[in-house]
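Data first, discussion second: the structure below is written as structure tokens.
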Amino acid sequence: MSIYEKMVKEAIGATHSVYGVIREKRGGAFKLTDAKPYVDAVNTMTVAEGQKKEVIDLHVQSVNAHYDILCSLTDTIRPEDDPFVEHYQTPAILEVLYEFDPEFKKSMWKFIDAIAAHKALVGLESVRRYGGMYGPTCVVDFAMSVGSVPNFANRILRSLDIPVLHKQAILASKSWGMNTSYGLGAAFRGAIEAGKTAAEAEQAEVDALQFIYREPIAAQAHLMDTHNLGGHGGHRSFDVRKYMNQYRDRMRSYIEAAVKGGVHYANIVAVPAYCVGDVGHHIAQSAYNMFKSDMVFAVYESVLGVFENTLRKALAEGAFKNEYDVLAVATGVPAAATAYILWKDSFTVPMVVDLLTKRFHNYAAMNPKRGEADELHNVDFMDILVRGEGILDISPIGAGAKIKGVPIDFGPIDNHEVLSNPQRYTYPACAITQRFSALMAMADFPCYLTPECTTATLMTNVIALNPDKPGAPVRYCKGCAVTSLIKRNVPFVKGFGQGDKGYCEWNLTV
């Protein structure tokens, strides 16, 4: 089996395991044991020639530890708590690294001190996010996009006198790695809205940012004690402190083995976190509720059909020239499929970007106490559509519905019994927005359109082939969707921005 065959097999296996559970359980009551098929799929991952076993172990053992620990603590998770289940791994891993490597801890403490020394930057970014200046942003983006924690951290780290490898690990710990659920500007917003002065709010933000890096487990536990998602205050599904302490102990030997095996710290803090979310988050009560709708489920099902057919076709036609090509096809194809469904109801991507951008600014005005991450998945959704339309559109405007030279198979959409018959799900003579409404239902939860289990599985395979290179955050311009209409988030170019005006600075990454 070639490395490409292995990657495709494992990606489709993980993705299908999640889809199979959703298909069977949608509309029902979630139990943690429902996620066992995904765990079983993860356990089939192997180590190919040229791959680092310690990287694969970080992925596989993290999923097993996550599932086992959760099952020992609870039998289900309420929707208000499920977004956070993939935020308990990086804090524990960081604390193991602090214990195992005093030099890394010393570098982190220099960064923590530097946050206070850059108080003006903290205030600047907090004010801009609070006021909605940047428009829709992804605060915990996996790239250097404006208004994100990686962008903020990178601007401090660039001039900091610590090893580059440590800088890269710190960046990765709050991008693909998820060191706590904290989003940049949250403490500032809370303080301002509570009647504090701007100076007091700025200090509160400095304190919060330092807390999540200095005591990540304690900080995440505090955030869970005080979160108020949907007005349902505090985490109540299980004891998060017990989870993180048990996870830290369970993963310690694999973390230390990865360090000794030469795996980059940036990968050690990131790989174990991104792969666990399907247990209790993507396979969860919130997903079961969303997919009660036959039309919404049809979108998910048909997009996966396009994904699988085209990925297998690309493999059969020898389209993959390197491991990154597999990732490009696996994420690009469902993006194009999503845009294809949008077109079926005669909507275009600029329409949606315009709508959601205007909606954000009105939302910011009407909800000054809004959460820092409220719009992040809308941003993901828009980015998926922009990428997808770029692939779907006719050449030379787009790629002519091809990827890596392979025509995309849209048959699973065109031939889907539900998606092809929207008249059966509304007033039959006027069924012109049903597919669009289903897409909008997923705009807040687009993790099924370019599935995270797919990306996690493939990225782990890529990193296992390149263990000494940081796999996160993304080090190129992601072409943020909002820039297609509002030039507020452009990449750094010489003579414009100079990396200190809050613009995306992907090519100045440490």
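Going by my numbering, 1040 is the number at position 419 of the sequence shown; the sequence numbering is gapless.
All C-beta atoms in this analysis are idealised placements derived from N, C-alpha and C, irrespective of residue type, glycine included.
Just so it is clear, the structure is predicted and the values come from calculations on it, not from any experiment.
Worksheet item: So A656 packs on D899, CB below 8 Å; how close in whole Å?
Response: Translated into the one-based positions of the sequence shown, residue 656 becomes position 35. Translated into the one-based positions of the sequence shown, residue 899 becomes position 278. Cβ atoms of A656 and D899 come within 8 Å of each other, at about 7 Å.
Worksheet item: Can you name the start and end residues of the alpha helix (DSSP H) that P1067 belongs to?
Response: Along the sequence shown, one-based indexing puts residue 1067 at 446. Segment: none, P1067 is in no alpha helix (DSSP H) and carries neither H nor E.
Worksheet item: In chain order, what residues of the same chain have a beta carbon less than 8 Å from the beta carbon of A985, not counting five sequence neighbours either side?
Response: Reading the sequence shown from its first residue, position 364 is the one you call residue 985. Taking A985 as the centre and dropping the five residues before and after it, the same chain places the C-beta of G752, G753 and R991 closer than 8 Å to its C-beta, in chain order.
Worksheet item: Got a sec: is the Cβ-Cβ distance from F1031 to anything in chain B below 8 Å?
Response: You won't find chain B in this structure, because it holds only one protein chain.
Practice prompt. Give the straight-line distance between the Cα atoms of V973 and P1033, rounded to the nearest whole angstrom.
Written response: In the sequence shown, residue 973 corresponds to position 352, counting from 1. In the sequence shown, residue 1033 corresponds to position 412, counting from 1. Going from the Cα of V973 to the Cα of P1033 covers about 24 Å.
Worksheet entry | Inter-residue spacing [alpha-carbon to alpha-carbon] between I876 and S796 | Looking up residue 876 in the sequence shown gives position 255. Looking up residue 796 in the sequence shown gives position 175. Distance between the alpha carbons of I876 and S796 is about 19 Å.
Worksheet entry | beta strand (DSSP E) runs wholly inside the segment 721 to 754, at least 3 long, in chain order | As far as the segment 721 to 754 is concerned, it has no whole beta strand (DSSP E) run of at least 3 residues.
Worksheet item: Can you tell which of I643, Y625 and V629 has its C-alpha closest to the C-alpha of Q906?
Response: Stepping through the sequence shown from its first residue, residue 906 is reached at position 285. Cα-wise, what sits closest to Q906 is I643.
Discussion item. Under DSSP, the alpha helix (DSSP H) around I833 begins and ends at which residues?
Written reply: Residue numbering aside, residue 833 sits at position 212 when the sequence shown is read from its first letter. That run of the alpha helix (DSSP H) goes A819 to R835.
Item to complete: Note down the Cα distance separating A949 from V684, rounded to an integer number of angstroms.
Response: On the sequence shown, position 328 is the one that residue 949 refers to. On the sequence shown, position 63 is the one that residue 684 refers to. Cα to Cα, A949 sits roughly 24 Å from V684.
Worksheet item: Between which two residues does the alpha helix (DSSP H) containing F1002 stretch?
Response: Here residue 1002 corresponds to residue number 381 of the sequence shown, with the count starting at 1. Unbroken alpha helix (DSSP H) run through F1002: L997 to L1013.
Worksheet entry | Close Cβ partners of G1116 (< 6 Å) along its chain, the five nearest in sequence each way excluded | For the purposes of this step, residue 1116 is identified with residue 495 of the sequence shown, where counting begins at 1. Model confidence at G1116 stands at a pLDDT of 39, short of 50, so the residue's coordinates are unreliable and nothing is read from them.
Discussion item. Suppose you measure from the CA of F832 to the CA of V1083; what does that come to, to the nearest Å?
Written reply: In the sequence shown, counting from the first residue as 1, residue 832 sits at position 211. In the sequence shown, counting from the first residue as 1, residue 1083 sits at position 462. The straight-line gap separating the alpha-carbon atoms of F832 and V1083 is approximately 32 Å.
Worksheet item: Based on the DSSP secondary-structure assignment, which residues constitute the bridge partners of V767?
Response: Numbered from 1 along the sequence shown, position 146 holds the residue referred to as residue 767. Paired residue(s): none; V767 is not in a bridge.
Worksheet item: If P1088 and V676 are in contact, beta carbons under 8 Å, what's the gap, nearest whole angstrom?
Response: The count along the sequence shown starts at 1 and reaches residue 1088 at position 467. The count along the sequence shown starts at 1 and reaches residue 676 at position 55. Right, the Cβ-Cβ distance comes to about 5 Å (below 8 Å), so this counts as a contact.
Discussion item. Let me check one thing: in DSSP terms, what residues is M799 bridge-paired to?
Written reply: In the sequence shown, counting from the first residue as 1, residue 799 sits at position 178. M799 pairs with K795.
Worksheet item: Any contact of the segment 875 to 894 with the segment 1048 to 1056, i.e. 3+ C-beta pairs under 8 Å?
Response: The segment 875 to 894 vs the segment 1048 to 1056: no contact.
Worksheet entry | Three-state secondary structure assigned by DSSP to P757 | Numbered from its first residue, the sequence shown carries residue 757 at position 136. Of the three classes helix, strand and coil, the one that applies to P757 here is coil, per DSSP.
Worksheet item: From E670 to V1000, what distance separates their C-alpha atoms?
Response: Start at 1 with the first residue of the sequence shown, and residue 670 comes out as number 49. Start at 1 with the first residue of the sequence shown, and residue 1000 comes out as number 379. Looking at the two C-alpha atoms, the distance is approximately 38 Å.
Item to complete: Output the distance between the C-alpha atoms of V1131 and A1077, rounded to the nearest integer angstrom.
Response: Along the sequence shown, one-based indexing puts residue 1131 at 510. Along the sequence shown, one-based indexing puts residue 1077 at 456. Cα to Cα, V1131 sits roughly 23 Å from A1077.
Discussion item. Less than 7 Å separating the Cβ of S1058 from some heavy atom of the ligand COA?
Written reply: Although the ligand COA was asked about, the structure shown includes no ligands whatsoever.
Practice prompt. State the start and end residues of the unbroken alpha helix (DSSP H) segment that holds M916.
Written response: Along the sequence shown, read from residue 1 onward, the residue named residue 916 stands at position 295. First-last of the alpha helix (DSSP H) with M916: D915 to A937.
Discussion item. So if DSSP puts P1028 in a beta bridge, which residue, or which two residues, is it bridged to?
Written reply: Indexing the sequence shown from 1 puts residue 1028 at position 407. The beta-bridge partner set that DSSP reports for P1028 consists of K1023.
Worksheet entry | Distance CB(L781)-CB(A741) smaller than 8 Å | Here residue 781 refers to the residue found at position 160 when the sequence shown is read from its first residue. Here residue 741 refers to the residue found at position 120 when the sequence shown is read from its first residue. Between L781 and A741, the CB-CB gap reaches or exceeds 8 Å.
Worksheet item: For the candidate residues A958, G1026 and D1035, whose alpha-carbon lies nearest to that of L1070?
Response: As a working mapping, residue 1070 is identified with position 449 in the sequence shown. The shortest Cα separation from L1070 among A958, G1026 and D1035 belongs to A958.
Worksheet entry | Under 8 Å between C-beta atoms of Y709 and M865 | As a working mapping, residue 709 is identified with position 88 in the sequence shown. As a working mapping, residue 865 is identified with position 244 in the sequence shown. It is a contact, given that the beta carbons lie within the stated cut-off.
Item to complete: Could you check which residue in S802, N1036 and A829 has the C-alpha nearest to that of G811?
Response: Counting from one through the sequence shown, the residue named residue 811 turns up at place 190. Checked all of S802, N1036 and A829; the closest Cα to G811 is A829.
Discussion item. Among the candidates A650, R980 and E814, whose CA atom is the shortest distance from the CA of P757?
Written reply: One-based indexing of the sequence shown puts residue 757 at position 136. In this structure, R980 is the residue among A650, R980 and E814 with its C-alpha nearest to the C-alpha of P757.
Worksheet item: Which residues share a DSSP beta bridge with V947?
Response: What you label residue 947 is simply residue 326 of the sequence shown in a count that begins at 1. Under DSSP, no beta-bridge partner is assigned to V947.
Discussion item. Tell me which residues share the same chain as Q612 and place their Cβ nearer than 7 Å to its Cβ, disregarding the 5 neighbours each side in the sequence.
Written reply: Lying before the first or after the last residue shown, residue 612 is absent from the chain, which here runs from 622 to 1131.
Worksheet entry | Whole-angstrom distance between R1008 and K1099, CA atom to CA atom | In the sequence shown, counting from the first residue as 1, residue 1099 sits at position 478. In the sequence shown, counting from the first residue as 1, residue 1008 sits at position 387. Each residue's Cα considered, the two are about 9 Å apart.
Worksheet entry | Beta-carbon proximity list for L850, same chain, < 7 Å, skipping 5 on both sides | Sequence index remark: in the sequence shown, residue 850 carries index 229 (1-based). Closer than 7 Å at Cβ, skipping near neighbours: E701.
Practice prompt. Would you kindly work out how many angstroms separate the C-alpha atoms of G1123 and L778, rounded to a whole number?
Written response: Working through the sequence shown from its first residue, we reach residue 1123 at position 502. Working through the sequence shown from its first residue, we reach residue 778 at position 157. At G1123, the pLDDT of 46 sits below 50, so the modelled position is not reliable; the number obtained from the coordinates is stated separately. Rounded to the nearest whole angstrom, the CA to CA distance from G1123 to L778 is 15 Å.
Item to complete: Excluding the 5 residues preceding and the 5 following A839 in the sequence, name in chain order all residues of the same chain whose CB lies nearer than 8 Å to its CB.
Response: As a first step, residue 839 is located in the sequence shown; it is residue number 218 there, counting from the start. Answer for A839: F832, listed in chain order.
Discussion item. Helix, strand or coil, according to DSSP, for V668 in the structure here?
Written reply: Against the sequence shown, residue 668 aligns to sequence position 47. DSSP places V668 in coil when its eight states are reduced to three.
Discussion item. Nearest by alpha-carbon distance to G641: which of A632, K652 and Y659 is it?
Written reply: Counted from its first residue, the sequence shown places residue 641 at position 20. Distances from the CA of G641 to each of A632, K652 and Y659 were compared; the closest alpha carbon is that of Y659.
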